[in-house]
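Residue numbers (my numbering): 21 to 147.
Remarks on the structure that follows.
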């Protein structure tokens, strides 16, 4: 497996690890750190990798800063959308919102790994 595939698999697993961290006692530092890191970074990064198929640009500091900022903003936007939808449905809990975001992150992170997906780096279609 290539490092890019391993990174996407790790990104897909991150939500489930954050959900597992919810079983720790309230206000446990590991729980707070895992859930906060997941909510701020992982849904946004999964969306960004799906929307920007060539991967994040590397090298230039401005490109790295841009990628970090867009990842953060997308993560906060997705977290807000899920929370509002659950509130409007009258079923909001922290665990449900984290579960919905874990599913969304996994789907977005793994969407380009399915058989028959485009090879987005070269523009060649598989299969």
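Built from N, CA and C at the ideal position, the CB exists for glycine as well.
Item                                                                                                                                                            : Value
Is the beta carbon of residue 121 sitting closer than 8 Å to the one on residue 63?                                                                             : yes
My assumption, with CB atoms under 8 Å, is that residue 57 sits in contact with residue 128. Please give the rounded CB distance.                               : Not really, about 17 Å apart at Cβ, beyond 8 Å.
From which residue to which residue does the alpha helix (DSSP H) around residue 107 run?                                                                       : 81-109
What is the residue span of the alpha helix (DSSP H) that residue 70 lies within?                                                                               : 49-71
Assign residue 23 to one of three DSSP states: helix, strand, or coil.                                                                                          : helix
Is residue 132 helix, strand or coil when you go by DSSP?                                                                                                       : helix
Please report how far the alpha carbon of residue 30 lies from the alpha carbon of residue 100, in whole angstroms.                                             : 23 Å
Going along the chain, which residues of its own chain have a beta-carbon closer than 7 Å to the beta-carbon of residue 119, five neighbours each way excluded? : 39
Measuring CB to CB, does residue 28 end up less than 8 Å from residue 42?                                                                                       : no
Report the CB separation of residue 113 from residue 35 in whole angstroms; it is logged as a contact under 8 Å.                                                : With a Cβ gap of about 16 Å, residue 113 and residue 35 do not count as contacting.
Roughly how many angstroms separate the alpha carbons of residue 85 and residue 48, rounded to a whole number?                                                  : 31 Å
Exposed or buried, residue 95, counting other C-beta atoms within 10 Å across all chains shown (16 or more means buried)?                                       : buried
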